[in-house]
Structure formats: structure tokens, C-alpha cells
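Quick note, the sequences are listed as chains H and Z, same order.
Counted from 1, the first sequence has number 178 at position 178 by my numbering; the numbering is strictly sequential.
Counted from 1, the second sequence has number 456 at position 99 by my numbering; the numbering is strictly sequential.
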Amino acid sequence: MIAEGKKRIWKDYQKEIADDRYYYARSCVRQNFFPGSEAAFLKILREELGKNVFDDPAHTSCTGIGYHADVVPLETTMTVIARQFALMTEAGYQNFVPSCITSFGLYSEIIETWHHFPETLEKTRKYLKQATGREFEIPDNLAHASDVIYKFRKEIGEKGKYRLVNHNTGEPLKIVEHIGCHYSKMFPHKGVGGAEYPYVLVGMIEEWGGEVVDYPERRHCCGFGFRQYAVKANRGYSLSCSHKKFESMEPYHPDAILTNCPGCPYFFDRWQYAISELEGKTYGENGFGIPVLTYEEMAGIVLGYDPWELGMQLHQVSVEPFLEKIGFPYDPEQKYKGKYGQDLGKPKVPEFLKVCC
Amino acid sequence: MEERIAIIGGGIAGLETASQLSKKGFDVVVLEKKQITGGHVEQWHQVFPDFRDASEVLKNWNQHEISGQIKIGIDITNINKTNGLFQIELRDGEQITANAVVIASGFDLFDAHKKEEYGYGIYDNVITSAELESFFNRKREYLIKSGKTPQRIGIIHCVGSRDEKVGNPYCSKVCCITGVKQAIELKEIYPQAEVFCFYMDLRMFGLNYEDIYKEAQEKYGIQFIRGRLSETSELQDGTVLLKVEDTLAGKPLKLSVDLVVLLVGMVKGSVNNELKKWLGIELDLFGFIKPPDAILQPNVTNVPGVFLAGACSSPKNIGDTVNDARSAVLAVEKYFNHLKG
Chain H
1 MIAEGKKRIW
11 KDYQKEIADD
21 RYYYARSCVR
31 QNFFPGSEAA
41 FLKILREELG
51 KNVFDDPAHT
61 SCTGIGYHAD
71 VVPLETTMTV
81 IARQFALMTE
91 AGYQNFVPSC
101 ITSFGLYSEI
111 IETWHHFPET
121 LEKTRKYLKQ
131 ATGREFEIPD
141 NLAHASDVIY
151 KFRKEIGEKG
161 KYRLVNHNTG
171 EPLKIVEHIG
181 CHYSKMFPHK
191 GVGGAEYPYV
201 LVGMIEEWGG
211 EVVDYPERRH
221 CCGFGFRQYA
231 VKANRGYSLS
241 CSHKKFESME
251 PYHPDAILTN
261 CPGCPYFFDR
271 WQYAISELEG
281 KTYGENGFGI
291 PVLTYEEMAG
301 IVLGYDPWEL
311 GMQLHQVSVE
321 PFLEKIGFPY
331 DPEQKYKGKY
341 GQDLGKPKVP
351 EFLKVCC
Chain Z
358 MEERIAIIGG
368 GIAGLETASQ
378 LSKKGFDVVV
388 LEKKQITGGH
398 VEQWHQVFPD
408 FRDASEVLKN
418 WNQHEISGQI
428 KIGIDITNIN
438 KTNGLFQIEL
448 RDGEQITANA
458 VVIASGFDLF
468 DAHKKEEYGY
478 GIYDNVITSA
488 ELESFFNRKR
498 EYLIKSGKTP
508 QRIGIIHCVG
518 SRDEKVGNPY
528 CSKVCCITGV
538 KQAIELKEIY
548 PQAEVFCFYM
558 DLRMFGLNYE
568 DIYKEAQEKY
578 GIQFIRGRLS
588 ETSELQDGTV
598 LLKVEDTLAG
608 KPLKLSVDLV
618 VLLVGMVKGS
628 VNNELKKWLG
638 IELDLFGFIK
648 PPDAILQPNV
658 TNVPGVFLAG
668 ACSSPKNIGD
678 TVNDARSAVL
688 AVEKYFNHLK
698 G
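Here it is as C-alpha cells:
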């Protein structure tokens, strides 16, 4: 591997990321899959970095899943997205930050379409006005939430209490990263580092002390493709995508998987359980799985946030081996306690996948 | 004869043009930006179809016979046409006056870095066809970084040619046969190695090309797989994993090889844009210099007194380049005869 070669490519794919005053558009599925991640994003930006973020309860889905599944027409998608931008405009913001990779890809695609086919922009303005009476401005800056964390990775690292380093050996943890297909595969120049050797997550891992592991199937889809998992008959394809990646990363013995997209961490996490049940195979150390973290969770852990506050007890693959490696103290008794200390009950223990309960 | 012809480029097109014009009594000056003449051929080891040493081909141009001058290490900063004369300004302050200019500035090789997914400049054992020629020439001790003898080699055709994604939908003409030639040369050095050529089409248009292709399969056992490379990745042992679509079998294919050779195509010469600015010549969609009539007058431009020779106007092999240079000489001669009435 020629490190300089990657650095040269990364230089070619830098993007402007606004410094402050963000209009935050949440993801439809993340709040169910990993509810602590978006809360952590807001906490990090507001409390650690002192940024102004508007978390608007009035925005809706971007229609991404329906759009990619061909059940929502393009004109409808454009109009819905125009409404999101109208809400941003009305709130006095110009910097749009979606939490979801698919939304980010879709916003990029629609803005690009409006740029190249101005008549579609005019139509959309007309439709939105007719339907809602609203008007909108196209954002000055569109950045995915991970771009924002990437931008402030140094500040987070400086404030951090923990490094991605094995506290027993002093060795950097080996981490594989997965950016999600819709982040930059459609528009390489809209992602930090481009599409082939993306840097957005690599930059965080390196800044926080870890070592990035490149593996042969790094670019492959995680299996969250909407036509794969949403259609029950295709779910085997979804599982086989994740399986292919686990088999490819296994020889490198990664300590964690860092993800960017709403679906990727979910599928990497849950399919490790499914594979263990189907094949009796696990990919982590000593019968555990490989812990899967969102970038907000990883930033939160670096900053010393309580893993259970971050919602990491909702992971199927236990994160405790990861926490122990970096010397992060946690209270196992609090793992399944509710906000007021009530017992939430423990999940069933899988037959093959070792978990901490 | 007093007419002076400035020839921009000292590759085979420029040398042949200079040689033939000189024989006809013109005063020529060859302006070469590198410190050595011979262009890309100078870097090559053997040439198709007869596997002759490229150095032997270059010996054809005995530069002492050229009556004018060959200037190397030349950096042109401007060209003006005033009163029918071309004033060529050089970086060192020298000014050259000529009655006509022959552009023989050739082509550049496609920058393989642009096909990021192929891993050139990222993975140790991904090289270009030009670098392979350099290996053949220098007889380096080892070809792959680990120093081990390659057991499997993948040659990728059409890198930067017939590729709309990089903006080059045209065919570079010489890469197919170059790939076959290089595959044979590799088999001669490493007889035990398996060599795979991944191609889109094999365009064996030249005399004997088809024979070489057949020999590559029958005598050397080189395997030709019709398929497009989608991406490469590096395995732990430094070998390169190829993901290919086998378009005959209609199936995806994965193969790990010790070495990947990218057959880089021809792209417009980097000087073409400046020549356009200085001289007012026209470029085609892909930046090659455009003659007003590519079929009947391939060597003239829209600017009287400015002529074209070789691959500056389109991809050409050595034979075509030599013929094109001779054709350019006829065009130059016709131009001066016409001026004299």
C-alpha cells in the first residue's frame, strides 16, 4: 500500500463544510436503530463545540427509501425536499446537515438536477407554492453530519478522555470503516476523500489514535440496499453482502467497525447475530462479534460519554470488548436500566454469539 | 531553397518530417522539449508486430543527415505569425523565425491515477504498460515489490480509452496489440507465470496482429478474458484482487494476481491548448489537433503554414506515424509551391 497515493487522492476530494449554524435533518430509521447517536451529535455540537444547531421537529422524511424503491415519483421527492429547504429558510439557516446518508445523497442529487435542469427547479417552486404556500432557498452548504464531526475531529480529540488505543499494549486499535454507498459513490466530489478511498471516517479514526484497516471488500455494500432488505424474498442477498464483508475483514482482526449510514451499523450488527445462528460462526475475539459503532457513538466514547446514555446497549454485538480495550470504565449493572433506574429487562442470550448481559 | 521549417517535437513524427524535408532541400529546425529525441518510442523496449528493438527502429533516423538543427530541452513560450512568418519565442530568450511550422508534438499517455478504482499509485503491484516497457528495457532484477517471481499477471486493456467515464470514448488503436506483445514478452521472461488479458474487444487491425494474437494463445497459453475490471484491492500478501465482469460468461469473476499491468491509452498532448492559443489552430472534442478535412487533408490545419504530423491529431502506431509524417512533407511542399505560383 502506498500511503502517499491515498493522501494525493484525499487532497483532490476536499469539500467546504460550514463552520456553524446548522439546520439538522434527522434520519427516519436511525432514531429507531440507534437512538442515542443523533442525540450525541446534538450534544457534541452544542455542548462541546458551542455550535448553533436547529433540530426542527417539523421536517419530514426526504422520501429516500420510497424514491429508491420506485414508489415515490421524482417530482414528489423534489417537492418534499423543497419543503425541507423552506423550513430551513424560514428558520433563518443556510447550512443543511442531514443525519442520513441516503438523504445526503438524495439532497445532493436533487440540487445537482436543479442546477443542470433549471426548469425542474422552477416546477418544484411552483408545486411547493401551490401545495403549501411556501418558498425556499437552496442551502449555501450541504454537509452530512459525519462531515461536521470530521471537520471538528481535532477539537473532539483534544477534548477527548479516551483514545482508540489498546490501553494494555499501547497499540492503536485496528478499525475498519464503511462510509455507506450513498455518501459519495454517486457524487465523489461531495464526499470527503471521494468514493474509492474515502477519508471522512478515516480522518476521525486517525485523529483519535486508531489505525484504519483496508480490506478487499471495503467498498462493497453492507446489505442495506433497499430492494434487498425491504423485500423479504431478497433478504438472503442482504445477508450475503454483509457476510462477504465479514469474511473479507476477518483476517485483519479488526477491533471495531465504524459506520456512517443509518442502515450499515444496523445490518453489520444484526447480521453478525444471524450468521452466528445460521453457521455458528462469529467474527470477533473469543466468540464475540466485531463491535459496530456509529461515528457519533465513537466520538461520544472518545469524549467519555456513558455508553448506555449513548444507547449502546441496543447493539446486538456487545461493545464491552471495545470499551475494555481502550480502558473505558463502564457499569454493567446500568446497561439495562431505564432513565429513572427502572429495570428494562435483559434480551435473550444468543446460542452462538457471545454477548455481555 | 531558403524556406525554414520549424518542427515542434522530436519524436518519430518530427524526425521523419525533418529527414524528408531536409532531403528535399528545406532548412529545418526540430524543437524537442526533452533532453533526448525519439519520443515515446525511445522509452519502448520492443515494437510490434515483429518484436524488433525500439532502439533499432530509432536508428533509422540518422540525425547527422538532417541538415538543420535539432534543439533539445526547448521550452517554447509563444508563437506569433506576422507577415507570413512564424516567430517562435523560447524560454532562454532565443527567437526562431520560420516560414512554416509542422506540429509533431505527439500524444501523452493517459494518467492511470484517474482510474482510482484500479489502484494505480495506491497498490504496490499495479503498474502501467509504459512502466513495464521500462522494466523490459532496464532488465531490473525484480518486477514486483516483494522480489518474488510473479506467478499470475493480469493485463487490463482499454485504460483511459473507450471509457466515457474519463471523457475518452475513442479507441487508442495500439493498446490491444501492445497488450498481446507485452503478454508474450512476460511469458518469455516468466514461462511459468499465468498471464490473463482482460479485454473489451480485441482490435487486431494491422498486418500480422491477428497472427500474434493467435500465437499468444496457442504457443504461450495466454488467457484472454472478455471482461471489464470494476475494481482492485490489495490482499495481505501484496497480491492484487481483481473484480471483473466476464462478459462472455455473464458472470462476475474474482482473481488475485501478483501484478496488474494497465494498458494506458493515448490522450491529447499537453501542449495542444497552448498551440491553439498561440496559433489559432482548432482542437477536436478530445483536445487532439483538428485538421479541417481529416480524410483528404489530414496534415493541414485551419492556419496556412501550420501542418500536422503524427499522433498530435489522433492516436497512431509507429507505421502510421511515419506515413503521416511523409504525408505532411508533401503538404508542406505543396504549400510552398502554391506560394511561388
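Virtual Cβ for every residue (Gly too), placed ideally from N, Cα, C.
When the alpha-carbon of Gly441 of chain Z is set against those of Z:Ala455, Z:Ile393 and Z:Asp681, the nearest one is in Z:Ala455. Of the residues assessed, Gly450 of chain Z falls on the exposed side of the cut-off, its CB having fewer than 16 other CB atoms within 10 angstroms.
If only uninterrupted beta strand (DSSP E) runs of at least 3 residues are considered, those enclosed by the segment 503-576 of chain Z are 509-516 and 551-556. Separation of the CB atoms of Gly203 of chain H and Val192 of chain H is rounded to 7 Å, and the pair is thereby assigned contact status at 8 Å. Annotation: Ser462 of chain Z to Val660 of chain Z spans about 17 Å, alpha carbon to alpha carbon. Residue state for Asn32 of chain H is assigned as helix, using DSSP reduced to three classes. The C-alpha of Val80 of chain H is placed about 15 Å away from the C-alpha of Glu90 of chain H. Sequence-distant Cβ neighbours of Phe322 of chain H in its own chain, meaning closer than 7 Å and more than five residues away, are Asp255, Ala256 and Pro291. DSSP places Gly584 of chain Z in the strand class (E or B) of the three-state scheme.
Of the candidates Z:Asp407, Z:Val597, Z:Ile460 and Z:Gly563, Z:Ile460 places its Cα closest to the Cα of Trp635 of chain Z. Using a Cβ-Cβ cut-off of 9 Å, Gly504 of chain Z does not count as an interface residue toward chain H, since no Cβ of chain H sits closer than that to its own.
For Lys691 of chain Z, no beta strand (DSSP E) encloses it; the enclosing alpha helix (DSSP H) starts and ends at Ile675 to Lys697.
When CB distances to chain Z are screened at a threshold of 9 Å, the residues of the segment 179-205 of chain H falling below it are Pro188, Gly194, Ala195, Glu196 and Tyr197, in chain order. One alpha carbon belongs to Gly287 of chain H, the other to Lys354 of chain H, and they sit about 5 Å apart.
The beta carbon of Gly225 of chain H sits no closer than 9 Å to any beta carbon of chain Z. For Gly236 of chain H, the nearest beta carbon of chain Z is not closer than 9 Å to its own beta carbon. Residues of the segment 454-477 of chain Z with a Cβ closer than 7 Å to any Cβ of chain H, in chain order: Glu473 and Glu474. Scanning Z:Leu543, Z:Ser491, Z:Pro672 and Z:Arg583 for the CA closest to the CA of Asp465 of chain Z turns up Z:Pro672.
When only Cα atoms are considered, Tyr577 of chain Z and Trp418 of chain Z end up about 34 Å apart. For the 9 Å CB-CB criterion, Val621 of chain Z and Pro507 of chain Z do not form a contact. DSSP places Pro254 of chain H outside both helix and strand once states are collapsed to three, so it counts as coil. Taking 9 Å as the threshold, the shortest C-beta distance from Met1 of chain H to chain Z falls below it.
Within its own chain, the residues whose Cβ lies closer than 8 Å to the Cβ of Gly160 of chain H, once the five positions on either side in sequence are excluded, are Trp208, Val302, Leu303 and Gly304, listed in chain order. In this structure the segment 383-394 of chain Z touches the segment 367-374 of chain Z; the number of beta carbon pairs closer than 8 Å is three or more.
In this structure the segment 223-236 of chain H does not touch the segment 137-151 of chain H; the number of beta carbon pairs closer than 8 Å is below three.
For His178 of chain H, the uninterrupted beta strand (DSSP E) segment begins and ends at Lys174 to His178. Gly194 of chain H has its alpha-carbon roughly 7 Å from the corresponding atom of Trp10 of chain H. Against chain Z, a Cβ distance below 7 Å from Pro251 of chain H picks out Gln593. Ser590 of chain Z has a beta carbon lying within less than 9 Å of a beta carbon in chain H. Restricting attention to Z:Glu591, Z:Thr596 and Z:Ile582, the CA atom closest to the CA of Leu605 of chain Z is found in Z:Ile582. One finds Met1, Ile2 and Gly5 in chain H with Cβ atoms closer than 9 Å to the Cβ of Tyr480 of chain Z, taken in chain order. Contact of Pro254 of chain H with chain Z is not assigned, every C-beta pair being separated by 9 Å or more. Non-local beta-carbon contacts of Thr589 of chain Z in its own chain, meaning distances under 8 Å to residues more than five positions away in sequence, involve Glu474, Tyr475, Gly476, Tyr480, Val483, Val597, Leu598, Leu599, Lys600 and Val617 in chain order.
DSSP, reduced to helix, strand and coil, places Lys7 of chain H within a helical segment of the structure shown.
Straight through space, the alpha carbons of Tyr295 of chain H and Ser240 of chain H are spaced by roughly 24 Å. Counting along the chain, Asp269 of chain H sits inside the alpha helix (DSSP H) bounded by residues Gly263 to Glu279.
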